[in-house]
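One structure is given below, encoded as structure tokens.
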């Protein structure tokens, strides 16, 4: 990461490459034409990610928070405000995007302004691209960001390990894993946040320490702006932004033991660090002012559901453990079953700790910063992993995981064992190098080939996932991807990762709109395991109605049982009024589809209904 280290290793690369004219020519291309190589890498990454994104886009429509981010972007474009109230009543815009009742916005401050709990940073970024090309414009922009991230990973791996082969391995490890390909198409903050954070990481860790003159201050300001932007993209990235400040501190103070400013260079380092940390502090202050203005409190919100304040008095470690199990090990939505290459990450971090300790610390800072965003699951059950494509919560971690894996491959000295494998066919070459440590080379070749085999496996799983991405979703109908292609995907491998069955799994919410004399049914597409559950019906008035009404709720568990219960008499006195909830217990006999039905009598007002269900504790 330091200039002296980079120069020393580059020279060593040229000496190693001298053993092969092809490798020597490759090294000369990298040394003399870095811009050309970078442009070529970017073009290849862009084409690969764009092709996969178009395939995913053709199979999966806007889901979850995606239409709401777009609605927020439209509000910024048309009304220059985060208040989406005008768009909620604009059926020409609202209906094609959302397709159901408003379950994401809320009048937090009680002044008639309906806003999303999401901060407007991501919406502001995608707004011009949506204006230019609609959803496709957002996809192209995010593909460009993801391709830039891939190019930075390639360049960073080449500088860290002084090996074009290791850099190529890191590039393929990023492109052939699910995170980059699946979520570049999704209108979520993940891809943009990943690109912004990794660009800031590269600037703070490598570019600023080696810059000279006025470039130092320009790069410090750019890094500060990137760090300040992260919490606005989504407030869960605030800890990752703080981790970037720590990365800058590690890069600007190599000795680590001497923090006293003794000369001009040390004072300059302190000034740069103050610029970056000060930018983040100003950003957090502005977020507090925004929250006070639109939420009525000084902290951002995470849900539009009322009365969901964190319960700090009763932290739930089991819930947090289940969340992280889902993130990494769940056979349907976890990262590691679909990208087994990342099992090498602990080994890669250990190798970096021995050889480039500051690099290892920087990667750990970023991984901890991003993964700590889910610590609120200790005190609230609103953060869930379910009903998403695999690796949903690890997209932002992918660049740092990839560099850690590339460290394992680079440690095998791929040039040496590739040349050794080539010389096995030539007795004269073997005789000419009697001093080569063949046992060590064989060990390195075995580990290197294992890395390549795991990379190929991750690539194959990714190709199959992009082929039918809707089968990777929890909540979409149809068999799982592994069940549809048993001859192409190893069911035994995914069977090694049992799904969690704790309180975060198999719970969700489904919106209904119930009108006069109507019955509305909402089906849960994914069957749930055997066990006892509670279905809770949450009602709210869409408009006022003086008459009392009686409702009936029904839970239909496949062919096994039907539970029907009349709900209490309700009175809608004002629009938006929340009515008493009613719980219906039911028992699932085993992986049968479940649907929820509400009956309203004639003359009843329009109601919004959310059905939530969860295992009995």
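Residue numbers (my numbering): 219 to 835.
Think of the CB as a built atom: it goes at the ideal place given N, C-alpha and C, for glycine as much as any other residue.
Please name the residue in the options whose C-alpha comes closest to that of residue i.
i	options	result
residue 617	585, 633 and 596	585
residue 542	515, 512, 594 and 510	594
residue 426	468, 517, 284 and 261	468
residue 360	385, 275 and 282	275
residue 754	715, 577, 677 and 804	804
residue 442	431, 405, 502 and 396	502
residue 355	405, 457 and 510	405
residue 688	254, 281, 262 and 264	281
residue 712	550, 615, 691 and 583	550
residue 463	508, 583, 344 and 532	583
residue 547	561, 279, 670 and 660	561
residue 592	488, 453 and 337	453
residue 337	530, 521, 316 and 349	521
residue 439	457, 366 and 491	491
residue 613	407, 661, 751 and 509	407
residue 579	461, 256 and 457	461
residue 257	684, 751, 349 and 366	366
residue 343	306, 508 and 451	451
residue 565	622, 750 and 347	622
Would you kindly work out how many angstroms separate the C-alpha atoms of residue i and residue j, rounded to a whole number?
i	j	result
residue 435	residue 421	12 angstroms
residue 409	residue 398	8 angstroms
residue 259	residue 470	29 angstroms
residue 277	residue 500	42 angstroms
residue 362	residue 267	9 angstroms
residue 313	residue 333	18 angstroms
residue 428	residue 700	49 angstroms
residue 323	residue 301	9 angstroms
residue 400	residue 611	12 angstroms
residue 588	residue 484	29 angstroms
residue 465	residue 706	42 angstroms
residue 620	residue 309	45 angstroms
residue 716	residue 682	21 angstroms
residue 341	residue 294	8 angstroms
residue 581	residue 304	44 angstroms
residue 474	residue 430	Residue confidence for residue 474 is low, a pLDDT of 40 falling below 50, so the modelled location carries little weight and cannot support an answer.
residue 686	residue 273	9 angstroms
residue 724	residue 801	Residue confidence is low: residue 724 scores 39 on pLDDT, short of 50, so the model does not pin down where it sits. Its coordinate-derived value is still stated next. If I take the Cα positions, the gap works out to 17 angstroms.
residue 384	residue 624	6 angstroms
residue 530	residue 536	15 angstroms
residue 298	residue 279	27 angstroms
residue 714	residue 698	16 angstroms
residue 669	residue 690	25 angstroms
residue 678	residue 664	21 angstroms
residue 478	residue 283	Summary for residue 478: the model assigns pLDDT 43, below 50, so the residue's position carries little reliability; its value from the coordinates is reported in the next sentence. Their Cα atoms are separated by approximately 48 angstroms.
residue 488	residue 432	16 angstroms
Can you round the beta-carbon distance between residue i and residue j to whole angstroms, since I take them to be within the 8 angstroms contact cut?
i	j	result
residue 271	residue 357	5 angstroms
residue 563	residue 553	Rounded, the Cβ-Cβ distance is 10 angstroms, inconsistent with contact.
residue 497	residue 445	6 angstroms
residue 459	residue 557	Actually they do not touch by this definition, with Cβ atoms about 26 angstroms apart.
residue 449	residue 493	In fact, because the Cβ distance is near 17 angstroms, the residues do not count as touching under 8 angstroms.
residue 455	residue 331	Contact flag wrong, Cβ pair sits at about 25 angstroms.
residue 339	residue 447	6 angstroms
residue 364	residue 402	4 angstroms
residue 263	residue 368	4 angstroms
residue 396	residue 608	5 angstroms
residue 311	residue 285	That belief does not hold up - the Cβ atoms of residue 311 and residue 285 are roughly 10 angstroms apart, past 8 angstroms.
Tell me which same chain residues have a C-beta within less than 8 angstroms of the C-beta of residue i, skipping the five on either side of it?
i	result
residue 486	434
residue 673	387, 390, 391, 394 and 559
residue 370	416, 417, 420 and 617
residue 532	597
Apart from the five residues on each side of it in sequence, which residues of its chain come closer than 7 angstroms, Cβ to Cβ, to residue i?
i	result
residue 351	358
residue 667	none
residue 703	682
residue 680	394, 395, 396 and 399
residue 261	none
Counting only the same chain and skipping the five closest in sequence on each side, list residues whose C-beta sits under 6 angstroms from that of residue i.
i	result
residue 476	At residue 476, the pLDDT of 44 sits below 50, so the modelled position is not reliable and the matter cannot be decided from this model.
residue 615	585 and 588
residue 671	none
residue 708	none
residue 590	457
Answer yes or no: does any C-beta atom of chain D fall closer than 8 angstroms to that of residue i?
i	result
residue 553	Structure shown: chain D not included; a single protein chain is present.
Taking 7 angstroms as the cut-off, is the C-beta of residue i nearer than that to any heavy atom in the ligand NAP?
i	result
residue 370	The ligand NAP is absent from the structure shown, which contains no ligand whatsoever.
| said: Quick check: the region 417-431 against the region 285-296, are at least 3 beta-carbon pairs closer than 8 angstroms? | reply: No: fewer than three Cβ pairs fall under 8 angstroms.
| said: Pairs of beta-carbons, one from the region 623-633 and one from the region 557-573, closer than 8 angstroms: are there three or more? | reply: Per the Cβ contact rule, the region 623-633 is in contact with the region 557-573 (3 or more Cβ pairs under 8 angstroms).
| said: Using a Cβ distance threshold of 8 angstroms, determine whether the region 324-340 contacts the region 368-385, with at least three qualifying pairs required. | reply: With the cut-off at 8 angstroms, the region 324-340 and the region 368-385 do not touch.
| query | Three or more C-beta pairs closer than 8 angstroms, one from the region 513-521 and one from the region 572-583: is that the case here? | reply | Taking a contact to require three or more Cβ pairs closer than 8 angstroms, the region 513-521 and the region 572-583 do not qualify as touching.
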